[in-house]
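Participant:
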Amino acid sequence: MADDKKSEMEAVLRKQRAAHHQMRPELMALRKDRIERAMNLLKKHGDDLCKVMSADFGNRSPHQSMITDIAGTISFGKYCLKNMDKWARPEKRHVQFPLGLLGAKAQLRYEPKGVIGILSPWNFPVNLSFGPLMQVFAAGNRAMIKPSEFTEKTSQLTQELVAEYFTPDECAVFTGGPEVAAAFSELPFDHLVFTGSTATGRRVMEAASKNLVPVTLELGGKSPVFMGESADFAKAGERIALGKMMNAGQICLAPDYLYVPESKQDEAIHGVWQGTANMYPTLLENEDYASVVSDRHFDRLQGLVADARDKGAEVIEVNPGNEDFSNANQRKMPLTILKGVTDDMKAMQEEIFGPVLPVKTYKGIDEAIDYVNEHDRPLGLYYFGEDSGEREKVLTKTISGGVTVNDVIFHVSMEDLPFGGVGPSGMGSYHGVEGFREFSHARSVYTQPKIDVAKLGGFKPPYGAATEKAVKTMMK
Ligand code: NAD
Numbered sequence: 002m003a004d005d006k007k008s009e010m011e012a013v014l015r016k017q018r019a020a021h022h023q024m025r026p027e028l029m030a031l032r033k034d035r036i037e038r039a040m041n042l043l044k045k046h047g048d049d050l051c052k053v054m055s056a057d058f059g060n061r062s063p064h065q066s067m068i069t070d071i072a073g074t075i076s077f078g079k080y081c082l083k084n085m086d087k088w089a090r091p092e093k094r095h096v097q098f099p100l101g102l103l104g105a106k107a108q109l110r111y112e113p114k115g116v117i118g119i120l121s122p123w124n125f126p127v128n129l130s131f132g133p134l135m136q137v138f139a140a141g142n143r144a145m146i147k148p149s150e151f152t153e154k155t156s157q158l159t160q161e162l163v164a165e166y167f168t169p170d171e172c173a174v175f176t177g178g179p180e181v182a183a184a185f186s187e188l189p190f191d192h193l194v195f196t197g198s199t200a201t202g203r204r205v206m207e208a209a210s211k212n213l214v215p216v217t218l219e220l221g222g223k224s225p226v227f228m229g230e231s232a233d234f235a236k237a238g239e240r241i242a243l244g245k246m247m248n249a250g251q252i253c254l255a256p257d258y259l260y261v262p263e264s265k266q267d268e269a270i271h272g273v274w275q276g277t278a279n280m281y282p283t284l285l286e287n288e289d290y291a292s293v294v295s296d297r298h299f300d301r302l303q304g305l306v307a308d309a310r311d312k313g314a315e316v317i318e319v320n321p322g323n324e325d326f327s328n329a330n331q332r333k334m335p336l337t338i339l340k341g342v343t344d345d346m347k348a349m350q351e352e353i354f355g356p357v358l359p360v361k362t363y364k365g366i367d368e369a370i371d372y373v374n375e376h377d378r379p380l381g382l383y384y385f386g387e388d389s390g391e392r393e394k395v396l397t398k399t400i401s402g403g404v405t406v407n408d409v410i411f412h413v414s415m416e417d418l419p420f421g422g423v424g425p426s427g428m429g430s431y432h433g434v435e436g437f438r439e440f441s442h443a444r445s446v447y448t449q450p451k452i453d454v455a456k457l458g459g460f461k462p463p464y465g466a467a468t469e470k471a472v473k474t475m476m477k
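Just so we're aligned: the sequence shown equals residues 2 to 477 in this note's numbering.
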């Protein structure tokens, strides 16, 4: 990587930090103005951004992009505007007896951290850079964004638009490949938000640790779907198909594999098959169905299927229009269900992130719970069924970033719920008040009364009877 880029990023960081110090406190009116500008950028250029996203993917439905990347992010901006005064209010905290009576005060203030780095992936390139940006701004920070090199045209347009709507000391975008990304993650930010794979997340945290930069890591993993005996398999199949087929399964929260009662396996598979066929009667010429983003990812997915087949899985292609994918040169891949999977198959070892769906069976729900607990904590976990006892058992005996009951993915769309992973699926969260707090420094402010509290409490030398009395009281 050209050292120029590194120096340029360092210079912008210095400039942003200097501007931040000069402008403290970052007024609420200015923070709101920044959010509004980000929303206006998306409103005015949403169509253009959808076009370049589609070009970057090969095909990606502009309708889908409008929902997931443009309208969804604008709606999140509106939610921030509505709630940020409340979020930013200082909180009065309790002071121990008798300090309160003596006039002591304790207060918690949510203050901006300064300059926040945002490293984003390709799968929802606008949402995953502008989404965090809304709360970064709400909390009074400035931002530097490094979008993914896989969605190059989108990253380029984002850079141009941000330069048009913001001064470089408010927000700036840097494009480039993994080398630029690595240099970006080494910058001494006041906080760094990374969205991407667990493997890269590890590298980002290591780089950030050199400057003790706090990180929010929004990572991936294998999000399981628990299907109970009491599930409505037709309805569940439809919902799973919607979640799995959107963006061709390239969603961090996509249902990664199904865990179904042994006796219901065929019913569950039929439900997903039918749900897919209802929404996508054909795939190749169907604009609603996205392509896999790159040849590398396409080959990886084909490899997962081949490996599973070689090791004994039954491969069921959901190809309702009987189309010929073998010569299609557009990286479209039908939903491919893998029946009879075993743990030695790659599809059961790595995050799938595409239209491949392994199905595992269990004899009793405890077996499924144990399996999930023996593996990395997932980002999302899904339960289908009407048995509240079983549902609570699954929820209270497992750990995951978030949960959707009787559907998949939907919890991320609840603006007021924090979104994030746990352990290998991530740390920290945004959305909800938690996002505002994530990008704020919770600063404790204690005000001492006029009276000599230390002497009164026996904490001031020469120590003596008052000290012993105070210690006894504290230990009682
Ligand atoms: P990725 O980890 O390959 O890349 C993400 C970003 O990291 C890109 O901007 C890239 O330029 C940068 N990068 C690459 N090498 C780097 C390095 N050495 N140091 C620092 N940064 C580097 O991820 P991806 O393929 O773009 O996205 C897919 C992954 O993201 C999946 O695992 C998915 O589950 C996850 N994801 C998570 C969320 C979430 O919110 N939890 C959302 C979307 C995607």
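Just so you know, even glycine gets a beta-carbon here, dropped at the ideal spot from N, CA and C.
1. Could you tell me whether any non-hydrogen atom of the ligand NAD is closer than 7 Å to the CB of Ser186?
2. So what's Gly403 in DSSP terms, helix, strand or just coil?
3. Taking only runs of the alpha helix (DSSP H) that begin and end inside the segment 111-141, which ones reach a length of at least 4 residues, in chain order?
4. In this structure, does DSSP put Asp233 in helix, strand or coil?
5. Is the segment 242-253 touching the segment 394-410 in the sense that three or more CB pairs, one from each, lie closer than 8 Å?
6. So is Tyr447 buried or exposed if we call it buried at 16+ other beta carbons inside 10 Å?
7. Identify, in the order they occur along the chain, each residue of the same chain with its Cβ nearer than 7 Å to the Cβ of Leu129, setting aside the five sequence neighbours on each side.
8. Is it buried or exposed for Tyr281, if we count other Cβ within 10 angstroms and need 16 for buried?
9. Relative to the C-alpha of Asp371, which residue among Glu387, Phe354, Thr399, Glu393 is closest?
10. Who pairs with Lys16 in a beta bridge, going by DSSP?
11. Within 10 Å of its beta-carbon, does Arg90 have 16 or more other beta-carbons around it, so buried, or fewer, so exposed?
12. Find out if the Cβ-Cβ distance for the pair Gln17, Arg143 is shorter than 8 Å.
13. Do Ser483 and the ligand NAD come close, with the Cβ less than 7 Å from some heavy atom?
14. Is the beta carbon of Leu218 sitting closer than 8 Å to the one on Ser198?
15. Is the Cβ of Trp123 closer than 8 Å to any Cβ of chain C?
16. Going by other Cβ atoms of all chains shown within 10 Å of its Cβ, with 16 needed for buried, is Gly104 buried or exposed?
17. State whether the segment 4-17 contacts the segment 177-190, with contact taken as three or more CB pairs (one from each stretch) at a distance under 8 Å.
18. For the ligand NAD, is there any heavy atom lying closer than 7 Å to the beta carbon of Lys147?
19. Using a threshold of 7 Å, is the CB atom of Val342 nearer than that to any non-hydrogen atom of the ligand NAD?
20. Quick one: what does DSSP say Met428 is sitting in, helix, strand or coil?
21. For a test of the three-state rule: what should DSSP assign to Ala381, helix, strand or coil?
22. Exposed or buried, Val273, counting other C-beta atoms within 10 Å across all chains shown (16 or more means buried)?
23. According to DSSP, is Ser62 part of a helix, a strand, or is it coil?
24. Using only alpha-carbon positions, find the residue among Phe227, Gln266, Gly222, Leu188 that is nearest to Lys211.
Facilitator: On the basis of the supplied data:
1. Counted from its first residue, the sequence shown places residue 186 at position 185. For the ligand NAD, at least one heavy atom lies less than 7 Å from the Cβ of Ser186.
2. For this step, residue 403 is matched to residue 402 along the sequence shown. Strand at Gly403.
3. 128-139
4. In the sequence shown, residue 233 corresponds to position 232, counting from 1. Three-state result, Asp233: coil.
5. yes
6. Position 446 of the sequence shown, counted from the start, is the residue given in the question as residue 447. Result: exposed.
7. Reading the sequence shown from its first residue, position 128 is the one you call residue 129. Once the five neighbours on either side are set aside, the close Cβ partners of Leu129 are Ser121, Pro122, Thr196.
8. What you label residue 281 is simply residue 280 of the sequence shown in a count that begins at 1. Looking at its Cβ environment, which holds 16 or more other Cβ atoms inside 10 Å, Tyr281 is buried.
9. As a working note, residue 371 is residue 370 in the sequence shown. When each option's Cα is compared against that of Asp371, the closest is Thr399.
10. Reading the sequence shown from its first residue, position 15 is the one you call residue 16. Answer by DSSP bridge pairing: none, since Lys16 is not bridged.
11. Counted from its first residue, the sequence shown places residue 90 at position 89. Under this definition Arg90 is an exposed residue.
12. Within the sequence shown, numbered from 1, the residue matching residue 17 stands at position 16. Within the sequence shown, numbered from 1, the residue matching residue 143 stands at position 142. Yes, the pair counts as a contact, with Cβ atoms nearer than the cut-off.
13. Lying before the first or after the last residue shown, residue 483 is absent from the chain, which here runs from 2 to 477.
14. Position 217 of the sequence shown holds residue 218. Position 197 of the sequence shown holds residue 198. No, they are not a contact pair.
15. Within the model displayed, chain C is absent; a lone protein chain is all it includes.
16. Numbered from 1 along the sequence shown, position 103 holds the residue referred to as residue 104. Gly104 is exposed by the Cβ-count criterion.
17. yes
18. Mapped onto the sequence shown, residue 147 falls at position 146. At least one heavy atom of the ligand NAD is nearer than 7 Å to the Cβ of Lys147, so yes.
19. By one-based count along the sequence shown, residue 342 stands at place 341. No.
20. Stepping through the sequence shown from its first residue, residue 428 is reached at position 427. Of the three classes helix, strand and coil, the one that applies to Met428 here is strand, per DSSP.
21. Here residue 381 refers to the residue found at position 380 when the sequence shown is read from its first residue. First, the residue type needs correcting, since residue 381 is Gly and not Ala in the sequence shown. The answer is strand: DSSP assigns Gly381 an E or B state.
22. In the sequence shown, the residue the question calls residue 273 occupies position 272. The residue is buried, with at least 16 neighbouring Cβ atoms inside 10 Å.
23. Numbered from 1 along the sequence shown, position 61 holds the residue referred to as residue 62. If DSSP states are grouped into helix, strand and coil, Ser62 belongs with coil.
24. Indexing the sequence shown from 1 puts residue 211 at position 210. Nearest of Phe227, Gln266, Gly222, Leu188 to Lys211, Cα basis: Leu188.
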